[in-house]
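Q: One structure is given below, represented as structure tokens, and several questions about it will come after.
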Amino acid sequence: MRPSETAPSDLDWQTPPNCAGGNCIQVARSGDGVLMRDSKNPDMPHIRFSPESWAAFVRNVKTGRYDRESR
1 MRPSETAPSD LDWQTPPNCA GGNCIQVARS GDGVLMRDSK NPDMPHIRFS
51 PESWAAFVRN VKTGRYDRES R
């Protein structure tokens, strides 16, 4: 993953259905990867994931690797 300064304005940003109070991430597919941004600050830089990095990130989220209890 790498920080990116700009994203095309026509992206279809998705917000998780369980987003509470707008304090969430948003994701969008773009060309050869996936972009992620903070829903509270959509104009700030976003993170670009390669398809492989995105798959690994999602897998780690699903297995609880980033849960506070597992640290």
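Residue numbers (the working numbering): 1 to 71.
The C-beta atom is built at its ideal place from N, Cα and C for all residues, glycine as well.
Model, not experiment: these values are computed from the prediction.
Would you mind sorting GLY21 into buried or exposed? The rule is 16 or more other CB atoms within 10 Å of its CB.
A: Its Cβ having fewer than 16 others within 10 Å, GLY21 is exposed.
Q: Can you look up ARG37 in the DSSP assignment and give me helix, strand or coil?
A: Strand at ARG37.
Q: Which residues bound the beta strand (DSSP E) around ARG29?
A: Note, ARG29: beta strand (DSSP E), 25-30.
Q: Could you pull out every residue in the same chain whose Cβ sits closer than 7 Å to the Cβ of CYS24, ignoring the five residues on either side in sequence?
A: Excluding residues within five positions, the ones whose Cβ falls inside 7 Å are THR15, PRO16, SER39.
Q: How long is the line joining the alpha carbons of ARG68 and CYS19, rounded to whole angstroms?
A: Approximately 18 Å between the Cα atoms of the pair.
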